[in-house]
Amino acid sequence: MKILVINAGSSSLKYQLIDMDNETVLAKGLCERIGIDGHLKHTPLVGGKPEFNADVDLPTHSEAIAEVISKLTSDKYGVVYSMHEIDAVGHRVVHGGEKFASSVKIDDAVMAALEECTPFAPLHNPANITGINACRKVMGDVPMVAVFDTAFHQTMPGKAFMYAIPYEYYKNDGIRRYGFHGTSHRYVSKRCAELMGKPIEELKIVSCHMGNGSSIAAIDGGKCVDTSMGFTPLVGLPMGTRCGDLDTGVVQFIMNKYKISINEMLSILNKKSGVLGVSGVSSDFRDLDSAAAAGNERAQLALDMFHYWVAKVAGSYVAAMNGVDAIVFTAGVGENSKSSRAAIAEYFGYLGVKIDEEANSKRGEDIMISTPDSKVKVFVIPTNEELVIARDTKEICCK
């Protein structure tokens, strides 16, 4: 069974074609600048075919999908003979609200429900919906599945997801903490249990998804019981450009003093804050590492803040679960920055965590970076959200 995984943005479309018989990625690619001029990078991963990397006219997502199908099936760049070899399509959808606690096969009723969730993720859901509609237009009756970033967190209890504001805002408007990065947290927690050789139902895991966008999840018995992002992905940890947790009185103060509109303020909090705002250098943690090593105090402060917040939130989740068996680092920073992992792990001495420096220096593989006598195991696990989407799609379409 071959499944095409689609992650559509407002002007971009990432994809992978996966052979689910052995979970092998056959090809992957990225359409960029959709609606502007267009560029496609298509990389076949089997058969020794060359990469395609050139400007292509992509006025809409429909043309982008058609171009992807063309490359997947072409004699020169293709990995399948025809579109009919693609058995199903799995779509990443950012927000499913409270309507979707699991992945679902897409039909007209699901599409209507996705439209209703758009106010919760106005920058993301419309693009996801556009990608789905484009695939339905080009691929006809090929079955399609929606996999939600928020679904994994729907197991949180009310004490974790509620805000302490008048209850009617939750009942009438759905204002609550939803959480994001759910497919990533689900993948790495399950993989962690496999590496430990234990049923996930017996484990308490803190999953640290650390990248330009970052979140932490408390996973007890395979179910999320708390997570650091909220109604939107803006809160929680300080991130690349997002502020993380912030006293809302600060927002009012800045807006009043500098005569800033709410839209301008949200742009500042989403795009000009985080480690970029503190450091004044970059939102890229590699640039911060270089600047800090050269003596830039603000860059070092930004790193220190990030490490502190990861450790603080992770520690609170140990309390929430009344214990922890394993801590997992994943995503861009979590998978690649040994210095960040080491700095965060220093805070976990009270848990009996000990880091193996040699293991912590490795990259790109599933690995335990704690020592054999560490009381809590620490892992680096590269995330694979596309595989989660493909697995869910296969399971639903094969029922």
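Heads up: the sequence shown begins at 801 in the numbering used here, then just goes up one per residue. Idealized CB from N, CA, C, for every residue including glycine. Bear in mind the structure is a predicted one, so any value in this text is a computation, not a measurement.
Check                                                                                                              : Outcome
Three-state class that DSSP yields for residue 983 in the structure shown                                          : helix
Segment contact, 8 angstroms Cβ cut-off, at least three pairs: the segment 869–884 with the segment 949–969        : no
Beta-carbon proximity list for residue 805, same chain, < 7 angstroms, skipping 5 on both sides                    : 815, 816, 818, 890, 1186, 1189 and 1190
For residue 1009: DSSP bridge partner residues                                                                     : 1015 and 1130
Euclidean distance between Cα positions of residue 900 and residue 1035                                            : 22 angstroms
Helix, strand or coil at residue 839 according to DSSP, with G and I counted as helix                              : strand
With 16 other Cβ atoms within 10 Å as the buried cut-off, status of residue 1163                                   : exposed
Bounding residues of the beta strand (DSSP E) (the contiguous stretch that carries residue 853)                    : 852–855
Three-state secondary structure (DSSP) of residue 1085                                                             : helix
Where residue 805 sits in the DSSP three-state scheme                                                              : strand
Residue 844 and residue 879 closer than 9 angstroms at C-beta                                                      : yes
Spatial distance of residue 992 from residue 1126 (CA atoms)                                                       : 8 angstroms
Start-end ranges of the alpha helix (DSSP H) lying completely within the segment 1103–1163, minimum 4 residues     : 1131–1136, 1138–1145 and 1157–1160
Closest by C-alpha distance to residue 1137, when choosing among 858, 990, 1160 and 1043                           : 1160
Residue 894 beta carbon less than 9 angstroms from that of residue 925                                             : yes
Rounded C-alpha distance that separates residue 970 from residue 1048                                              : 19 angstroms
Residue environment, residue 908, which counts as buried when at least 16 other CB atoms sit within 10 Å           : exposed
Proximity below 9 angstroms, CB of residue 1106 to CB of residue 1179                                              : no
Assigned exposure category for residue 877 - 16 Cβ within 10 Å defines buried                                      : buried
Where the alpha helix (DSSP H) containing residue 1052 begins and where it ends                                    : 1048–1058
The segment 1023–1040 in contact with the segment 1144–1159 per 3-pair CB rule at 8 angstroms                      : no
Where the beta strand (DSSP E) through residue 815 begins and ends                                                 : 813–819
Run of the alpha helix (DSSP H) containing residue 998, from where it starts to where it stops                     : That residue, residue 998, is in no alpha helix (DSSP H); it is neither H nor E in DSSP.
Interface flag, residue 883 vs chain B, CB-CB below 9 angstroms                                                    : Note that chain B does not occur in the displayed structure, where there is just one protein chain.
Inter-residue Cα distance where the pair is residue 866 and residue 812                                            : 14 angstroms
C-alpha distance - residue 956 paired with residue 1112, whole-angstrom precision                                  : 20 angstroms
Member of 1083, 859 and 1092 whose CA lies at the smallest distance from the CA of residue 1039                    : 1083
Three-pair Cβ contact test at 8 angstroms for the segment 1001–1008 versus the segment 937–951                     : no
Residue 1053, buried or exposed, once every other Cβ within 10 Å from all chains shown has been counted against 16 : exposed
DSSP state of residue 1062 mapped onto helix, strand, coil                                                         : helix
Among 824, 832, 1017 and 998, the one whose alpha carbon lies nearest that of residue 1116                         : 1017
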